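>
In our numbering, the protein residues as written are 330 to 720.
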């Protein structure tokens, strides 16, 4: 009987306002079975596909004593009411992440469970960028045996244009691995550090290099120097000051991520560059002794900072690069950026699985050429684009 009374009271509380109180219009509070907030203010970045991309995270908690199953989520322009994107059951099942634990995706939350929904909205080039967004969420709640649609998770979209950078490398054949906006290794690398969530790698790219046979490595796969990018000069993407370095770690053996790596070794040998306006650039995984600058050095765009390696949390030689809002490579918020000039010659449209196979076996990537090559300005190369940098 007590359960029946509790269920009936829950139904009443979820369906009516506090009728005995009188408030100004629009200020009547309602109990809701979900609570949500945006982890970091959404930014917009123009991509190499001609679209503008909004990448952000919604933290959501089921506050009921029963299961909640997500059925639909729509991203809404909070001012015009226009629908910007909609996720159905299958897409939600791949994006709702209980405990923010990657690999744990499901659209069902148990009682009192917390999750993060990793969001990506792609806007057509001609579409207006919203000043504010909100979300319409439809879910089935076990405690009432029915669906409810809620509006929650409002956020202001940052209007500031992304910083424009120069090339981080020289030459051609560079693959933008694990790039924006749905390859999960970076965009879902949400860490709980010092009591709060940080996603420094939201717009990170792992740069690797192909030869003329579209392979990443030739010879013994366990030897870092056999990867084409190994030892390549790493360049300052802007004028700046060196505010962080490490240069004492040895290369990992390629083929697998190192187990039980201390978090302070995750970036391996690295350089952090303060480029002004509250922006910092992280360059990670440089080879042993490969850091060529020291703390406090002033550098100019194009100066060499180091050499590509395989130190830290790395399973193959590459340059990891991202922009962030403070000098910590991990305990920071990842910010968008664009490159002033580059050319895309091909894209691995077969996806991350194809890239991983090439990295693990030495097989060629399955590339779709861009004919003619795309000469682009002031955009971000999207995932698995093959880039030539200007000389």
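Even glycine gets a Cβ: it sits at the ideal position worked out from N, Cα and C.
Nothing here was measured: the structure is a model prediction, and the numbers come from that model.
Could you pull the DSSP bridge partners for residue 671 from this structure?
If you number the chain shown from 1, residue 671 lands on position 342. 705.
> Among all the DSSP beta bridges, which residues are the ones paired with residue 535?
As a working note, residue 535 is residue 206 in the chain shown. For residue 535, which the question treats as bridged, DSSP gives the partners 506 and 649.
> Quick check on this structure: which residue in 479, 385 and 380 has the alpha carbon closest to the alpha carbon of residue 470?
Your numbering for residue 470 matches position 141 in the chain shown. Cα-wise, what sits closest to residue 470 is 479.
> Residue 712 to residue 473, Cα distance in whole Å?
By one-based count along the chain shown, residue 712 stands at place 383. By one-based count along the chain shown, residue 473 stands at place 144. Roughly 42 Å separates the two Cα atoms.
> Would you mind sorting residue 677 into buried or exposed? The rule is 16 or more other CB atoms within 10 Å of its CB.
Sequence index remark: in the chain shown, residue 677 carries index 348 (1-based). Per the 10 Å Cβ criterion, buried.
> In this structure, does DSSP put residue 516 in helix, strand or coil?
The residue labelled residue 516 in the question sits at position 187 within the chain shown. In this structure, residue 516 counts as helix in the three-state DSSP scheme.
> Can you find the residues in the same chain that come closer than 7 Å, C-beta to C-beta, to residue 514, ignoring five residues on each side of it along the sequence?
Along the chain shown, read from residue 1 onward, the residue named residue 514 stands at position 185. 507.
> Can you name the residues that DSSP bridges to residue 684?
Mapped onto the chain shown, residue 684 falls at position 355. Its beta-bridge partners do not exist; DSSP assigns none.
> Per DSSP, which one or two residues make a beta bridge with residue 383?
Mapped onto the chain shown, residue 383 falls at position 54. Paired residues: 373 and 450.
> Could you check the C-alpha separation between residue 510 and residue 372 for me, to the nearest Å?
Numbered from 1 along the chain shown, position 181 holds the residue referred to as residue 510. Numbered from 1 along the chain shown, position 43 holds the residue referred to as residue 372. Between residue 510 and residue 372, the C-alpha separation is close to 12 Å.
> Is it a yes or a no for the segment 438-457 touching the segment 415-427, going by three-plus beta-carbon pairs under 8 Å?
Yes, the segment 438-457 is in contact with the segment 415-427.
> Taking C-beta to C-beta, are residue 534 and residue 637 nearer than 8 Å?
On the chain shown, position 205 is the one that residue 534 refers to. On the chain shown, position 308 is the one that residue 637 refers to. In this structure, residue 637 does not lie closer than 8 Å to residue 534 by Cβ.
> Given that a residue counts as buried once 16 or more other Cβ atoms are within 10 Å of its Cβ, and exposed if not, what is residue 720?
Locating residue 720 in the chain shown gives position 391, counting from the first residue. Exposed, since its Cβ has fewer than 16 Cβ neighbours within 10 Å.
> With C-beta atoms as the reference, is residue 450 less than 8 Å away from residue 413?
As a first step, residue 450 is located in the chain shown; it is residue number 121 there, counting from the start. As a first step, residue 413 is located in the chain shown; it is residue number 84 there, counting from the start. Their beta carbons are under 8 Å apart, which means residue 450 touches residue 413 by this criterion.
> Answer with yes or no whether the minimum CB distance from residue 551 to chain B is below 8 Å.
No chain B is part of this structure, which consists of one protein chain only.
> Return the CA-CA distance between residue 337 and residue 475, expressed in angstroms with no decimal places.
The sequence position of residue 337 within the chain shown is 8, counting from 1. The sequence position of residue 475 within the chain shown is 146, counting from 1. Annotation note: pLDDT 33 at residue 337 (below 50); position unreliable, no value reported.
> If you draw a straight line from the C-alpha of residue 705 to the C-alpha of residue 673, how long is it?
Numbered from its first residue, the chain shown carries residue 705 at position 376. Numbered from its first residue, the chain shown carries residue 673 at position 344. Rounded to the nearest angstrom, the two C-alpha atoms are 8 Å apart.
> Out of 403, 410 and 409, state which residue places its alpha-carbon closest to the alpha-carbon of residue 420.
Counting from 1 along the chain shown, the entry for residue 420 is found at position 91. Considering only alpha carbons, the answer is 403.
> For the alpha helix (DSSP H) containing residue 418, name the first residue and the last one.
In the chain shown, residue 418 corresponds to position 89, counting from 1. Looking at the DSSP string, the run of the alpha helix (DSSP H) that includes residue 418 is 418-424.
> Taking only the alpha-carbon atoms, compute the straight-line gap between residue 519 and residue 663 and give it to the nearest angstrom.
Counting from one through the chain shown, the residue named residue 519 turns up at place 190. Counting from one through the chain shown, the residue named residue 663 turns up at place 334. Taking the straight line from one Cα to the other gives about 10 Å.
> Return the Cβ separation of residue 570 and residue 625 in integer angstroms, given the expectation that the two are a contact with Cβ distance under 8 Å.
In the chain shown, residue 570 corresponds to position 241, counting from 1. In the chain shown, residue 625 corresponds to position 296, counting from 1. That belief holds up - the Cβ atoms of residue 570 and residue 625 are roughly 7 Å apart, short of 8 Å.
> According to DSSP, what are the bridge partners of residue 464?
In the chain shown, residue 464 corresponds to position 135, counting from 1. Paired residues: 404 and 481.
> Within this structure, are the beta carbons of residue 613 and residue 597 separated by less than 8 Å?
As a first step, residue 613 must be located in the chain shown, where it is residue number 284. As a first step, residue 597 must be located in the chain shown, where it is residue number 268. Yes, these two residues count as a Cβ contact at 8 Å.
> Can you tell which of 487, 532 and 362 has the C-alpha that lies nearest to the C-alpha of residue 611?
Within the chain shown, residue 611 is the residue found at index 282, counting from 1. The shortest C-alpha separation from residue 611 is found at 532.
> Confirm, please, whether the CB-CB distance from residue 580 to residue 562 is below 8 Å.
Position 233 of the chain shown, counted from the start, is the residue given in the question as residue 562. Position 251 of the chain shown, counted from the start, is the residue given in the question as residue 580. Cβ distance not < 8 Å, so residue 562 and residue 580 don't count as in contact.
> Using CA coordinates, which residue listed in 668, 527, 690 and 503 is at the minimum distance from residue 490?
Numbered from its first residue, the chain shown carries residue 490 at position 161. Of the listed residues, the one whose Cα sits closest to residue 490 is 668.
> Using a Cβ-Cβ cutoff of less than 8 Å, which residues in the same chain neighbour residue 599 once the five nearest sequence positions on both sides are dropped?
On the chain shown, position 270 is the one that residue 599 refers to. These residues qualify, in order along the chain: 573, 574, 575, 611, 612, 613, 614, 615, 620, 641 and 658.
> Assign residue 629 to buried or exposed, taking buried as 16 or more other Cβ atoms, counted over all protein chains shown, within 10 Å of its Cβ.
Translated into positions along the chain shown, residue 629 becomes position 300. It is exposed - the Cβ of residue 629 has fewer than 16 other Cβ atoms within 10 Å.
> With distance defined between alpha-carbon atoms, name the residue in 688, 382 and 701 nearest to residue 488.
As a position in the chain shown, residue 488 is number 159, starting the count at 1. Among 688, 382 and 701, the Cα nearest to that of residue 488 belongs to 382.
> So, at 7 Å on beta carbons, what are the nonlocal neighbours of residue 458 in its own chain, with the 5 sequence-adjacent residues on each side left out?
Indexing the chain shown from 1 puts residue 458 at position 129. Result list for residue 458: 373, 381, 452 and 486, in chain order.
> In chain order, which continuous runs of the beta strand (DSSP E) of length 3 or greater are located wholly inside the segment 549-624?
Those beta strand (DSSP E) runs which fall completely within the segment 549-624 and span 3+ residues are 562-564, 569-575, 598-605 and 608-615.
> So, at 8 Å on beta carbons, what are the nonlocal neighbours of residue 661 in its own chain, with the 5 sequence-adjacent residues on each side left out?
For the purposes of this step, residue 661 is taken as residue 332 along the chain shown, with counting starting at 1. Contacts found: 527, 529, 609, 653, 654 and 655.
> By DSSP's criteria, residue 366 is part of a beta bridge. Which residues make up the other side?
Working through the chain shown from its first residue, we reach residue 366 at position 37. Residue 366 is bridged to 388.
> What is the rounded straight-line gap between the Cα of residue 593 and the Cα of residue 647?
The residue you call residue 593 lines up with position 264 of the chain shown. The residue you call residue 647 lines up with position 318 of the chain shown. Taking the straight line joining both Cα atoms gives about 19 Å.
> One question on the structure: do residue 407 and residue 362 come within less than 8 Å of each other, judged by their Cβ atoms?
Within the chain shown, residue 407 is the residue found at index 78, counting from 1. Within the chain shown, residue 362 is the residue found at index 33, counting from 1. Contact: no.
> Figure out for me which residue from 539, 434 and 393 has the closest Cα to the Cα of residue 692.
Counting from one through the chain shown, the residue named residue 692 turns up at place 363. Here the closest residue by C-alpha is 539.
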